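Numbering (my numbering), first residue to last: 53 to 643.
In this text, a Cβ means the ideal position worked out from N, Cα and C, and glycines have one as well.
For clarity, every value in this text was computed on a predicted model and none was experimentally measured.
Structure record follows, encoded as structure tokens.
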């Protein structure tokens with residue numbers, strides 16, 4: 053069962069999915085399915101910029117998570133290419149090859165469709181590792197009982213070639229590079245890469261300060277990786293470049309058809325947005341996307357919004373709100389109430405009950421632990437909004453600084469997001485755990501490296517400001533720009549770390565299994581009968597509300613200072629507003 057976000061999260065899912073591919077870019081190529089050129093961790097750790105990314109990469113729990121991922125991906129590769137091999141025996145031999153791909157400069161090129169698909173990998177390795185690759189590949193072939201391979205000369209370089217089921221695997225050492233290709237026929241790109249190495253000593257031009265370039269056909273990739281939504285069926289080009297302490301993500305998305313988007317004045321409920329705000333996002337032109345969402349189709353709503361904005365406050369992670377300009381919003385809420393309880397059963401056993409307040413036109417989801425989701429009409433500046441919240445934001449009487457909303461000057465801007473990333477990681481951890489409780493699903497192991505890394509990233513001042521912009525820069529072109537600590541927002545970090553533990557990783561994002569309440573009850577009764585502690589495997593536990601090292605500071609949340617107005621000596625200021633709308637494709641609020 054594939055993961056589908058709930059309505060409020062889906063409204064902003066365009067940015068989430070862009071973050072998921074936020075390491076993709078490159079030069080256009082006619083028939084490229086996926087191509088990336090990576091500097092590798094050895095290269096970017098030697099960089100003098102991108103400090104926050106490099107510090108996060110070297111966290112102990114990040115190291116443990118990479119070790120886990122190396123094993124997971126090794127197992128996937130063995131099952132994909134050598135299904136007859138004894139995977140349990142070969143994962144430990146193959147995982148170091150995956151580690152090399154993460155650490156070393158690499159070029160990956162995937163082309164073609166179906167049985168004609170071919171893969172080429174060029175990786176820069178010292179001689180001992182090139183020999184280790186040669187021995188491991190031959191050992192895997194023997195384990196899989198493939199036809200014996202033979203020495204081969206590939207573009208003048210000594211190599212090896214063997215038949216693996218319907219695929220032929222060939223590789224050769226070319227100077228400092230090991231180049232491998234696999235396909236029904238020897239890939240044409242294998243010869244092209246080897247020829248380029250003979251000509252220039254490299255398979256492709258140097259990255260020139262960038263950490264990563266990738267070029268991808270997202271529409272074709274979604275057939276193999278359904279986690280990529282269909283509305284992102286575009287050719288993507290993106291670069292990841294270190295800038296000062298942050299990293300800068302730049303992407304172009306080119307669609308086959310014109311984008312059904314037209315600029316319209318922003319409608320934001322600014323009278324109801326109050327400090328201490330730690331995240332704000334807004335999108336417009338979203339109605340065509342919402343009209344295709346299966347959950348919204350099933351509800352049969354009389355109207356769908358074309359804009360939405362969401363914001364979150366510090367201190368309490370469940371204080372998060374969503375607002376959409378919507379005349380007669382009470383009619384929409386009442387219609388949603390009629391189908392929502394049934395719809396939510398698609399996600400699991402639903403706790404609580406839905407209440408309708410006739411006088412106020414408000415819907416409330418009552419009986420849930422810690423939270424009280426509501427949806428109601430909201431008047432702001434003479435306009436009506438549909439307002440929904442997990443817990444309603446309080447009116448603190450403090451307005452956010454005006455520069456937060458300077459993005460409204462951009463005529464081409466479709467989406468904007470600003471956040472303090474560690475605050476949002478912390479909040480989404482809690483929100484996900486509440487979701488597991490509400491829908492009766494098993495919680496991930498809190499000692500798993502992904503969960504421990506999530507904990508690390510949710511406290512202190514490790515990360516900071518993340519600014520994302522998505523602009524319509526042509527009839528069928530979107531431009532994505534982000535300045536951030538690690539390339540991802542808080543929601544994307546939490547989604548990615550939960551995805552690692554998903555049953556069908558990396559192909560789909562599976563929901564957590566249902567909690568077996570009968571089994572839990574039997575274990576509790578047995579424990580009481582023996583006067584022992586009750587075992588509670590898999591019962592969701594909320595992250596601990598413990599103070600960070602050094603204790604809580606006034607005006608701070610979880611050890612991270614709340615962003616203040618410019619007159620209050622910003623510890624981490626918002627990027628300064630631009631004096632005029634920037635030209636198409638210009639950077640968003642450069643650090």
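Report the start-end ranges of each alpha helix (DSSP H) in the stretch 213 to 274 that is 4 residues or longer and not cut off at the edges. 240 to 252
If distances are taken between C-alpha atoms only, which option among 308, 393, 565 and 537 comes closest to residue 44? The structure shown does not extend to residue 44, since the chain spans only 53 to 643, so no value can be given for it.
For residue 362, does the three-state DSSP call read helix, strand or coil? It is a strand residue.
Starting from residue 170, follow its DSSP beta bridges and name the residues at the other end. 163
Continuous alpha helix (DSSP H) assignments of at least 4 residues falling wholly in the stretch 278 to 365: 339 to 342 and 346 to 351
Within 10 angstroms of its Cβ, does residue 528 collect 16 or more other Cβ (buried), or is it exposed? exposed
Report the partner residues of residue 426 according to the DSSP bridge assignment. 416 and 441
Cut-off 8 Å between Cβ atoms - residues of its own chain near residue 413, not counting five sequence neighbours on either side: 381, 382, 385, 386, 428 and 429
Proximity to residue 230 [Cα-Cα], best of 255, 240 and 95: 255
Near residue 389, what residues of its chain come up, given a Cβ to Cβ distance below 7 Å and the 5 sequence neighbours on each side ignored? 406, 408 and 415
Rounded C-beta distance between residue 327 and residue 451? I'm assuming under 8 Å. Indeed they touch by this definition, with Cβ atoms about 7 Å apart.
What number of angstroms, rounded off, separates the C-alpha of residue 240 from the C-alpha of residue 474? 46 Å
Select from 216, 223, 267 and 198 the residue whose C-alpha is nearest the C-alpha of residue 206. 223
Of the listed residues 87, 435, 562 and 404, nearest to residue 424 (C-alpha basis): The residue with the shortest Cα to Cα distance from residue 424 is 404.
Cα-Cα, which of 225, 298 and 303 is closest to residue 204? Distances from the CA of residue 204 to each of 225, 298 and 303 were compared; the closest alpha carbon is that of 225.
Where residue 399 falls: helix, strand or coil (DSSP): helix
May I ask you to list the residues that DSSP assigns as paired with residue 534? 301 and 520
So, are the CB atoms of residue 522 and residue 467 less than 7 Å apart? yes
For residue 568, list the residues DSSP reports as bridge partners. According to DSSP, which records beta bridges pairwise, residue 568 is partnered with nothing at all.
Identity of the residue in 221, 173, 301 and 267 nearest residue 249 by Cα: 173
Pick from 499, 498 and 535 that is closest to residue 516, judged by C-alpha positions: Cα-wise, what sits closest to residue 516 is 535.
For residue 323 and residue 336, believed in contact at Cβ under 8 Å, the rounded distance: That belief does not hold up - the Cβ atoms of residue 336 and residue 323 are roughly 19 Å apart, past 8 Å.
Check each candidate in 309, 508 and 395 and name the one with the smallest Cα separation from residue 351. 395
Measuring CB to CB, does residue 348 end up less than 7 Å from residue 342? yes
Sufficient close CB pairs (3 or more, under 8 Å) joining the stretch 482 to 489 to the stretch 90 to 110: no
7 Å Cβ cutoff met for residue 494 and residue 564: yes
Considering only their Cβ atoms, is the gap separating residue 150 from residue 672 smaller than 7 Å? Here the chain has residues from 53 to 643 only, and residue 672 is not among them.
Rounded to the nearest angstrom, how far is the Cβ of residue 371 from that of residue 445, given a contact under 8 Å? Correct: roughly 5 Å between the Cβ atoms.
In the DSSP assignment, find the unbroken alpha helix (DSSP H) run with residue 545 in it and report its ends. In the DSSP annotation of this structure, the continuous segment of the alpha helix (DSSP H) that includes residue 545 starts and ends at 542 to 552.
CA-to-CA distance, residue 121 to residue 154, given in whole angstroms: 11 Å
What three-state label does DSSP hand residue 464 in the structure shown? coil
Buried or exposed: which applies to residue 569, given that a residue is buried once 16 or more other Cβ atoms fall within 10 Å of its Cβ? Using a 10 angstroms sphere on the CB of residue 569, the tally of other CB atoms stays under 16, which defines it as exposed.
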